[in-house]
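Presented below is the structure to which this report refers.
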Amino acid sequence: MNRILVSFGLLISILFACGCPKAPMEEKDNSGYSFRKDGTLQIHSATGILKAEFDIEIVESQSELAQGLKYRESMAETQGMLFIFEQIDYHSFWMQDTYLSLDMIFIDHYNKIINIAKNTTPFSEDPIFPEKPNQYVLELLAGTTDKLNITDTDEVTWQRN
-9 MNRILVSFGL LISILFACGC PKAPMEEKDN SGYSFRKDGT LQIHSATGIL KAEFDIEIVE
51 SQSELAQGLK YRESMAETQG MLFIFEQIDY HSFWMQDTYL SLDMIFIDHY NKIINIAKNT
111 TPFSEDPIFP EKPNQYVLEL LAGTTDKLNI TDTDEVTWQR N
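Mapped onto this note's numbering, the consecutive letters of the sequence shown carry residue numbers -9 to 151.
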């Protein structure tokens, strides 16, 4: 008789647990991700004409490089994020957990733009590869490179605050 009561109690407990609503998923707190101006970056044509200037957030530690613009819900058209890598390599990116569509500008160690990945797809896990080895990547809001006629013949200069 005790076995039947224990089995019945266990069955009721399981049914009760299955019928409870799921706890809401924890939402990522985006409030901690705001723009931090670390410097200024200019883009010049090959003939030296200034095309654009941006306030930049500079990321170079492993944790900053991994975080990037993930979970950011907004960014001004005059802002960008500059990724600085220690070594020249084929540094690829993806858009996992990135809410904003971006233009990714791949830059070599001579500060020349080598290619641009335009209008990236938010949340995509597909890798985005540079055409040549790069040391820097500048992320801007999608459409910025077309709007300002930034091309793979341009060069960048930047300075920290």
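Think of the CB as a built atom: it goes at the ideal place given N, C-alpha and C, for glycine as much as any other residue.
Note that the structure is a prediction, hence the values are computed from the model and not measured.
Could you pull out every residue in the same chain whose Cβ sits closer than 8 Å to the Cβ of residue i, ignoring the five residues on either side in sequence?
| i | result |
| --- | --- |
| valine 49 | Leu55, Gln57, Gly58, Met71, Leu72, Phe73 and Ile74 |
| isoleucine 78 | Asp98, His99, Pro123, Asn124 and Gln125 |
Could you have a look at residue i and say whether DSSP puts it in helix, strand or coil?
| i | result |
| --- | --- |
| threonine 134 | helix |
| glutamate 145 | strand |
| asparagine 139 | coil |
Can you give me the Cβ contacts of residue i inside the same chain, cut-off strictly under 6 Å, excluding the 5 residues immediately before and after it?
| i | result |
| --- | --- |
| lysine 122 | Ile104 |
On the DSSP bridge assignment, give the partners of residue i in chain order.
| i | result |
| --- | --- |
| phenylalanine 96 | Asn105 and Val127 |
| arginine 150 | Gly29 |
| isoleucine 118 | Phe83 |
Hey, quick one: how far does the alpha helix (DSSP H) through residue i stretch, first residue to last?
| i | result |
| --- | --- |
| alanine 42 | No alpha helix (DSSP H) contains alanine 42, which is instead part of the beta strand (DSSP E) from 40 to 49. |
| leucine 72 | Here leucine 72 belongs to no alpha helix (DSSP H); instead the beta strand (DSSP E) covers 69 to 79. |
| leucine 55 | 52 to 57 |
Going along the chain, which residues of its own chain have a beta-carbon closer than 7 Å to the beta-carbon of residue i, five neighbours each way excluded?
| i | result |
| --- | --- |
| tryptophan 84 | Ser114, Glu115, Asp116, Pro117 and Ile118 |
| lysine 12 | Unreliable positioning characterises lysine 12 in this predicted model, as indicated by a pLDDT of 41, which lies under 50. The coordinate reading is nonetheless provided below. The answer is none, since no qualifying residue turns up. |
| leucine 138 | Lys41 and Ala42 |
| isoleucine 33 | Lys41, Ala42, Ile140, Asp144 and Val146 |
| aspartate 142 | Ile103, Ile104, Asn105 and Ile106 |
| glycine 29 | Ile46, Ile48, Trp148, Gln149, Arg150 and Asn151 |
| serine 35 | Lys41 and Asp144 |
Taking residue i as the reference, give the member of the options with the closest Cα.
| i | options | result |
| --- | --- | --- |
| tyrosine 80 | Lys27, Asp98 and Asn139 | Asp98 |
| alanine 153 | Asn139, Met94 and Asn124 | In the structure displayed, the chain extends from -9 to 151; residue 153 sits before or after that span and is not available. |
| threonine 110 | Ser91, Ile78, Ser24 and Ile140 | Ser91 |
| glutamine 125 | Lys102, Asp142, Leu138 and Leu40 | Lys102 |
| alanine 66 | Leu40, Glu76, Ile39 and Lys27 | Lys27 |
| tyrosine 61 | Arg150, Tyr89 and Thr30 | Tyr89 |
| tryptophan 148 | Gln77, Tyr100, Tyr23 and Phe25 | Tyr100 |
| alanine 42 | Leu31, Ser51 and Gln52 | Leu31 |
| phenylalanine 96 | Ser51, Asp144, Lys137 and Asn139 | Asp144 |
| isoleucine 140 | Asn151, Phe25 and Leu128 | Leu128 |
| asparagine 151 | Thr68, Ile46 and Leu131 | Ile46 |
| serine 82 | Ser51, Thr68 and Pro120 | Pro120 |
Counting only beta-carbon atoms, is residue i nearer than 8 Å to chain C?
| i | result |
| --- | --- |
| threonine 30 | Absence of chain C from the displayed structure is noted, only one protein chain being present. |
Shorter than 7 Å, the distance from the beta carbon of residue i to the closest heavy atom of the ligand SAM, or not?
| i | result |
| --- | --- |
| threonine 88 | The ligand SAM is not part of this structure, which contains no ligands at all. |
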